[in-house]
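In the working numbering, the protein residues as written are 90 to 454.
Read the structure below first, then the notes.
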Ligand SMILES: *Cc1c(COP(=O)(O)O)cnc(C)c1O
């Protein structure tokens, strides 16, 4: 017997995590490069100071004020139907949302399906909840082939289908008709989770799956304050779905999972949504310019609706990644073999990335 007496399937596994290195240009985890203004910082600090006077008490377990504010924020993307507070649930990052969804709707004897390349955390949450994990494949342009996807769902009968849109690590958004078709194929035997962590970065004319909520009671749309909202350190993710789905999650959530401090800080940040989201248009423009520039270098680049770009292909991507790091630019070695992913930073950071990559392409064979 090895020590400690871990579950068999966890033995020898390294904890997940992108390297957290202290380098000048950090373009590896899709953070928003623009921090909050001093006015936003002051408002969050005041809200947290007020919350601190009540820290002897447990937080509001149902966090109704926060759910109401999140519902109001989502409503414009709802395609003309208001999102109601009882349709919203929140947790410590949308990663905790995914875990709670799998705790409630996955589990032993049940299956979760996604289509690779997909978000690398999903199989870990499936493992942690003893949910069987099945990954189908995306087409060569990283779109989801609907016929193949439907066939896989009909064979595997998943209780959870996970669809990041825009997808991480490819940046690909799913069209609404595909989401609708997959919701219909899954039917009442399961839920379809559209992970819109990068939803706010969609290109013009690409709709959110939120507008489909009234048509499909098995649809769950997740969002986060980590990316567009410039709040990765806040740890606040949320979902919109049928109220019965939110109710079901209440059974598996830890009691008081959202601290008083988190609730206060998130509410204060939401009051400043226009400012915190103010740089999204700059980041979208910088993203489109990055796609164009990489293509001009003769590289293959996936279309992106997110705040990152997947590009390649390199015979030795690790050498390219390392060479960029030697030039002070940290990107991410992820995605299919031969590809690399760069997060979109400020104009200055992207200029440094272009310089470093130009050197790298010359220096490497
Ligand atoms: C970054 C990301 C998230 C967000 O995670 P948080 O826990 O909210 O910080 C969710 N899904 C995908 C696909 C992501 O890339």
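Where is the CB? At the ideal position from N, CA and C, for every residue including glycine.
Beta-carbon contacts of residue i that lie in its chain and below 7 Å, excluding the five residues immediately before and after
| i | result |
| --- | --- |
| residue 438 | 114, 116 and 122 |
| residue 191 | 201, 214, 215, 218, 220 and 249 |
| residue 285 | 254, 297, 298, 310, 311 and 312 |
| residue 306 | 331 |
| residue 413 | 420, 445, 446 and 449 |
| residue 195 | 201, 215, 218, 220, 248 and 249 |
| residue 100 | 91 |
| residue 425 | 206 |
| residue 341 | 189, 192 and 193 |
| residue 158 | 356 and 359 |
Residue(s) in a DSSP beta bridge with residue i
| i | result |
| --- | --- |
| residue 280 | 249 |
| residue 202 | 223 and 250 |
| residue 327 | 179 and 312 |
| residue 406 | Paired residues: none, contrary to the question. |
| residue 390 | 400 |
Pick from the options that is closest to residue i, judged by C-alpha positions
| i | options | result |
| --- | --- | --- |
| residue 396 | 402, 300 and 120 | 120 |
| residue 394 | 409, 370 and 416 | 370 |
| residue 449 | 163, 418 and 426 | 418 |
| residue 404 | 139, 453 and 188 | 453 |
| residue 110 | 420, 176, 265 and 334 | 420 |
| residue 349 | 91, 155, 127 and 289 | 155 |
| residue 460 | 431, 415, 391 and 353 | Residue numbering for the chain in the displayed model covers 90 to 454; residue 460 lies beyond these limits and cannot be assessed. |
| residue 343 | 105, 252 and 188 | 188 |
| residue 227 | 199, 245, 257 and 244 | 257 |
| residue 209 | 171, 445 and 259 | 259 |
| residue 136 | 295, 101, 355 and 222 | 355 |
| residue 360 | 435, 160 and 146 | 160 |
| residue 223 | 235, 212 and 375 | 212 |
| residue 105 | 271, 167, 279 and 184 | 184 |
Under the three-state DSSP convention, the category residue i falls into
| i | result |
| --- | --- |
| residue 322 | helix |
| residue 211 | helix |
| residue 417 | coil |
| residue 115 | strand |
| residue 306 | coil |
| residue 368 | coil |
| residue 127 | helix |
| residue 430 | strand |
Residues of its chain near residue i, where Cβ-Cβ distance is below 6 Å and the 5 sequence neighbours each way are ignored
| i | result |
| --- | --- |
| residue 149 | none |
| residue 389 | 401 and 402 |
| residue 229 | none |
| residue 133 | 354 and 357 |
Residue i: CB within 7 Å of a non-hydrogen atom of ligand 2
| i | result |
| --- | --- |
| residue 253 | Only ligand 1 can be found as ligands here, which leaves ligand 2 out of the picture. |
Pair every Cβ in the stretch 169-189 with every Cβ in the stretch 320-332, then say whether three or more of these pairs are closer than 8 Å.
yes
Does the contact criterion of 3 or more C-beta pairs under 8 Å hold for the stretch 358-368 versus the stretch 313-320?
yes
Is there contact between the stretch 124-144 and the stretch 423-433, where contact requires at least three CB pairs shorter than 8 Å?
no
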